[in-house]
Amino acid sequence: MVDYTLRLAVLDDVPAIRELIARSAHGISAADYTRAQVEAALQGAFGVDTALIRDATLFVAETRARELVACGGWGRRRTLFGSDSRAERDETLLDPQSEAARIRAFFVDPAYGRHGIGRALLMRCEADALRAGFTALETMATLPGMRLYSQCGYVPQPAIEHPLPGGLAIRFIPMRKNLRPAP
(Lines of atoms letter the chains of each structure in order from A; the text may use other names.)
(Lines give C-alpha, C1' and ligand atoms only; values in the text may rest on other atoms or scores of the structure.)
Protein backbone atom coordinates (compact mmCIF):
# COMPACT_ATOMS: atom_id res chain seq x y z
CA MET A 8 0.00 0.00 0.00
CA VAL A 9 1.26 3.46 -0.88
CA ASP A 10 0.66 6.15 1.72
CA TYR A 11 -0.46 9.31 -0.06
CA THR A 12 -2.93 12.14 0.20
CA LEU A 13 -4.97 13.81 -2.50
CA ARG A 14 -4.98 17.59 -2.58
CA LEU A 15 -5.75 20.36 -5.01
CA ALA A 16 -2.83 21.33 -7.21
CA VAL A 17 -1.48 24.86 -6.91
CA LEU A 18 0.52 26.89 -9.41
CA ASP A 19 3.71 26.25 -7.42
CA ASP A 20 3.27 22.54 -8.29
CA VAL A 21 3.63 23.15 -12.05
CA PRO A 22 7.34 22.20 -12.34
CA ALA A 23 6.81 18.98 -10.33
CA ILE A 24 3.66 18.13 -12.32
CA ARG A 25 5.57 18.67 -15.58
CA GLU A 26 8.26 16.22 -14.40
CA LEU A 27 5.61 13.73 -13.25
CA ILE A 28 3.90 13.86 -16.65
CA ALA A 29 7.18 13.15 -18.43
CA ARG A 30 7.99 10.20 -16.10
CA SER A 31 4.50 8.80 -16.58
CA ALA A 32 4.47 9.25 -20.35
CA HIS A 33 7.89 7.66 -20.81
CA GLY A 34 7.21 4.80 -18.40
CA ILE A 35 3.56 3.83 -18.58
CA SER A 36 3.05 4.70 -22.25
CA ALA A 37 6.17 2.87 -23.48
CA ALA A 38 4.23 -0.32 -24.26
CA ASP A 39 1.65 1.54 -26.37
CA TYR A 40 3.51 4.42 -28.04
CA THR A 41 6.97 4.87 -29.52
CA ARG A 42 9.52 7.09 -27.80
CA ALA A 43 9.18 9.56 -30.70
CA GLN A 44 5.39 9.70 -30.22
CA VAL A 45 5.80 10.31 -26.48
CA GLU A 46 8.37 13.07 -27.05
CA ALA A 47 6.10 14.75 -29.62
CA ALA A 48 3.03 14.38 -27.37
CA LEU A 49 4.91 16.10 -24.54
CA GLN A 50 5.04 19.20 -26.74
CA GLY A 51 1.32 19.89 -26.30
CA ALA A 52 -0.98 16.87 -26.28
CA PHE A 53 0.40 15.89 -22.85
CA GLY A 54 1.27 18.52 -20.31
CA VAL A 55 0.18 20.89 -17.57
CA ASP A 56 -3.04 22.83 -18.09
CA THR A 57 -2.94 25.69 -15.61
CA ALA A 58 -6.62 26.48 -16.25
CA LEU A 59 -7.45 23.30 -14.31
CA ILE A 60 -5.32 24.55 -11.42
CA ARG A 61 -6.92 28.01 -11.47
CA ASP A 62 -10.39 26.38 -11.61
CA ALA A 63 -9.46 24.21 -8.57
CA THR A 64 -10.24 21.00 -10.47
CA LEU A 65 -6.76 19.41 -10.74
CA PHE A 66 -5.62 17.12 -7.96
CA VAL A 67 -2.26 15.66 -7.10
CA ALA A 68 -1.38 12.59 -5.06
CA GLU A 69 1.43 13.41 -2.68
CA THR A 70 3.47 11.01 -0.52
CA ARG A 71 4.48 11.74 3.07
CA ALA A 72 7.86 12.81 1.65
CA ARG A 73 5.94 15.44 -0.41
CA GLU A 74 6.70 13.71 -3.71
CA LEU A 75 4.01 14.12 -6.36
CA VAL A 76 3.24 10.64 -7.70
CA ALA A 77 0.04 11.22 -9.68
CA CYS A 78 -2.24 13.93 -10.98
CA GLY A 79 -5.67 14.07 -12.53
CA GLY A 80 -8.55 16.42 -12.81
CA TRP A 81 -11.83 17.37 -14.32
CA GLY A 82 -12.74 20.37 -16.39
CA ARG A 83 -15.77 22.57 -16.70
CA ARG A 84 -14.40 24.11 -19.91
CA ARG A 85 -14.68 22.83 -23.50
CA THR A 86 -11.01 21.88 -23.86
CA LEU A 87 -10.89 18.07 -23.78
CA PHE A 88 -7.15 17.49 -23.49
CA GLY A 89 -3.74 19.06 -23.81
CA SER A 90 -1.41 21.50 -22.14
CA ASP A 91 -1.38 25.28 -22.04
CA SER A 92 0.64 25.26 -25.27
CA ARG A 93 -2.01 23.40 -27.29
CA ALA A 94 -3.42 25.82 -29.87
CA GLU A 95 -6.91 24.28 -30.10
CA ARG A 96 -7.92 25.27 -26.56
CA ASP A 97 -11.45 26.48 -25.88
CA GLU A 98 -11.91 28.00 -22.42
CA THR A 99 -15.68 28.43 -22.82
CA LEU A 100 -17.58 27.07 -19.82
CA LEU A 101 -19.70 23.97 -20.34
CA ASP A 102 -23.40 23.82 -19.44
CA PRO A 103 -23.74 21.13 -16.75
CA GLN A 104 -27.39 20.60 -17.71
CA SER A 105 -26.63 19.57 -21.29
CA GLU A 106 -22.88 18.90 -21.63
CA ALA A 107 -20.37 16.48 -20.14
CA ALA A 108 -17.58 17.57 -17.83
CA ARG A 109 -14.07 16.69 -18.99
CA ILE A 110 -11.82 14.16 -17.29
CA ARG A 111 -8.30 15.47 -17.89
CA ALA A 112 -4.59 15.23 -17.23
CA PHE A 113 -4.35 11.82 -15.57
CA PHE A 114 -0.75 10.74 -15.11
CA VAL A 115 0.76 8.31 -12.59
CA ASP A 116 4.44 7.83 -11.84
CA PRO A 117 5.34 4.33 -13.13
CA ALA A 118 6.86 3.46 -9.74
CA TYR A 119 3.42 4.01 -8.16
CA GLY A 120 1.22 2.42 -10.79
CA ARG A 121 -1.29 -0.32 -9.98
CA HIS A 122 -1.82 0.91 -6.41
CA GLY A 123 -5.28 2.44 -6.89
CA ILE A 124 -4.09 6.05 -7.00
CA GLY A 125 -5.49 6.71 -10.49
CA ARG A 126 -8.83 5.19 -9.47
CA ALA A 127 -8.92 7.31 -6.29
CA LEU A 128 -8.25 10.46 -8.33
CA LEU A 129 -10.95 9.48 -10.81
CA MET A 130 -13.53 8.86 -8.08
CA ARG A 131 -12.75 12.25 -6.53
CA CYS A 132 -13.14 13.99 -9.91
CA GLU A 133 -16.41 12.21 -10.66
CA ALA A 134 -17.84 13.15 -7.26
CA ASP A 135 -16.82 16.80 -7.66
CA ALA A 136 -18.24 17.02 -11.20
CA LEU A 137 -21.51 15.50 -9.98
CA ARG A 138 -21.67 18.05 -7.12
CA ALA A 139 -21.14 20.79 -9.73
CA GLY A 140 -24.28 19.58 -11.55
CA PHE A 141 -22.77 17.48 -14.36
CA THR A 142 -24.47 14.19 -15.18
CA ALA A 143 -21.91 12.89 -17.69
CA LEU A 144 -18.16 12.86 -18.22
CA GLU A 145 -15.98 12.69 -21.32
CA THR A 146 -12.29 12.03 -21.73
CA MET A 147 -9.76 11.64 -24.50
CA ALA A 148 -7.98 8.55 -23.22
CA THR A 149 -4.48 7.45 -24.00
CA LEU A 150 -4.17 3.75 -24.73
CA PRO A 151 -2.89 2.97 -21.20
CA GLY A 152 -5.51 5.30 -19.68
CA MET A 153 -8.27 3.52 -21.57
CA ARG A 154 -7.76 0.42 -19.41
CA LEU A 155 -8.46 2.38 -16.20
CA TYR A 156 -11.43 4.25 -17.63
CA SER A 157 -12.98 1.04 -19.04
CA GLN A 158 -12.76 -0.60 -15.61
CA CYS A 159 -14.54 2.43 -14.14
CA GLY A 160 -17.53 2.37 -16.50
CA TYR A 161 -16.39 4.64 -19.36
CA VAL A 162 -17.57 3.59 -22.80
CA PRO A 163 -15.11 3.90 -25.69
CA GLN A 164 -15.95 5.64 -28.95
CA PRO A 165 -14.04 5.03 -32.21
CA ALA A 166 -10.32 5.80 -31.89
CA ILE A 167 -8.81 8.93 -33.39
CA GLU A 168 -5.32 9.65 -34.69
CA HIS A 169 -4.25 12.99 -33.23
CA PRO A 170 -1.53 14.79 -35.23
CA LEU A 171 1.73 15.57 -33.45
CA PRO A 172 4.75 17.67 -34.35
CA GLY A 173 7.21 16.13 -36.78
CA GLY A 174 4.56 14.46 -38.91
CA LEU A 175 3.73 11.91 -36.20
CA ALA A 176 0.33 10.94 -34.83
CA ILE A 177 -0.87 9.35 -31.61
CA ARG A 178 -3.92 7.17 -31.07
CA PHE A 179 -6.47 8.37 -28.52
CA ILE A 180 -9.80 6.87 -27.52
CA PRO A 181 -12.71 9.24 -26.79
CA MET A 182 -14.69 7.83 -23.86
CA ARG A 183 -17.87 8.76 -22.02
CA LYS A 184 -19.60 7.89 -18.76
CA ASN A 185 -23.06 8.85 -17.57
CA LEU A 186 -23.11 9.58 -13.87
CA ARG A 187 -26.88 9.44 -13.68
CA PRO A 188 -29.67 9.77 -16.21
CA ALA A 189 -30.15 13.31 -17.49
CA PRO A 190 -33.41 14.89 -16.21
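According to the working numbering, the sequence shown is numbered sequentially starting from 8.
Think of the CB as a built atom: it goes at the ideal place given N, C-alpha and C, for glycine as much as any other residue.
Given the structure is predicted, the values throughout are model-derived calculations rather than measurements.
> Beta-carbon separation of Ala139 and Arg61 under 8 Å?
Replying inline: For the purposes of this step, residue 139 is taken as residue 132 along the sequence shown, with counting starting at 1. For the purposes of this step, residue 61 is taken as residue 54 along the sequence shown, with counting starting at 1. In this structure, Arg61 does not lie closer than 8 Å to Ala139 by Cβ.
> Which residues in the same chain as Pro172 place their Cβ atom closer than 7 Å to its Cβ, once the five residues preceding and following it in sequence are excluded?
Replying inline: On the sequence shown, residue 172 is found 165 positions in, with the first residue counted as 1. So the list reads Ala47 and Gln50, once near-sequence residues are dropped.
>> Considering only the alpha carbon of each residue, which of Arg154, Asp10, Gln164 and Leu137 lies closest to Arg71?
In response: Here the question's residue 71 lines up with position 64 in the sequence shown. Of the candidates Arg154, Asp10, Gln164 and Leu137, the one whose C-alpha sits nearest the C-alpha of Arg71 is Asp10.
> Per DSSP, which one or two residues make a beta bridge with Ile180?
Replying inline: In the sequence shown, counting from the first residue as 1, residue 180 sits at position 173. Beta-bridge pairing links Ile180 to Ala148.
>> Tell me the rounded alpha-carbon separation between Pro165 and Ile28.
In response: The residue given as residue 165 occupies position 158 in the sequence shown. The residue given as residue 28 occupies position 21 in the sequence shown. Between Pro165 and Ile28, the C-alpha separation is close to 25 Å.
> Nearest-angstrom Cα distance between His33 and Val162?
Replying inline: Here the question's residue 33 lines up with position 26 in the sequence shown. Here the question's residue 162 lines up with position 155 in the sequence shown. Spanning the two alpha carbons is a distance of roughly 26 Å.
>> Using 8 Å as the threshold, is the C-beta distance between Leu59 and Ile24 below it?
In response: Translated into positions along the sequence shown, residue 59 becomes position 52. Translated into positions along the sequence shown, residue 24 becomes position 17. No; because the gap between Cβ atoms is not below 8 Å, this pair is not in contact.
> Which residues does DSSP pair with Cys159 in a beta bridge?
Replying inline: Numbered from 1 along the sequence shown, position 152 holds the residue referred to as residue 159. Looking at the DSSP assignment, Cys159 forms no beta bridge with any residue, so it has no partner.
> By DSSP, does His169 sit in helix, in strand, or in coil?
Replying inline: Sequence index remark: in the sequence shown, residue 169 carries index 162 (1-based). His169 falls in the strand class under three-state DSSP.
> How is Val45 classed by DSSP in three states: helix, strand or coil?
Replying inline: Position 38 of the sequence shown, counting from 1, holds the residue named residue 45. For Val45, the secondary structure class from DSSP, reduced to helix, strand or coil, is helix.
> Just to confirm, are Glu79 and Leu129 a CB contact at a threshold of 8 Å?
Replying inline: Position 72 of the sequence shown, counting from 1, holds the residue named residue 79. Position 122 of the sequence shown, counting from 1, holds the residue named residue 129. Looking at the sequence provided, one finds Gly at residue 79 rather than Glu. Yes.
> Would you say the segment 104 to 113 touches the segment 131 to 147, given that touching needs at least three Cβ pairs under 8 Å?
Replying inline: yes
> Between the C-alpha atoms of Val17 and Ala38, what's the straight-line distance to the nearest angstrom?
Replying inline: For this step, residue 17 is matched to residue 10 along the sequence shown. For this step, residue 38 is matched to residue 31 along the sequence shown. Approximately 31 Å between the Cα atoms of the pair.
> For Ala127, which three-state DSSP category applies?
Replying inline: To locate residue 127, count along the sequence shown from 1; it is residue 120. Looking at Ala127 - three-state DSSP - the assignment turns out to be helix.
> Mind checking Leu101: buried by the 16 CB within 10 Å criterion, or exposed?
Replying inline: The residue you call residue 101 lines up with position 94 of the sequence shown. Buried.
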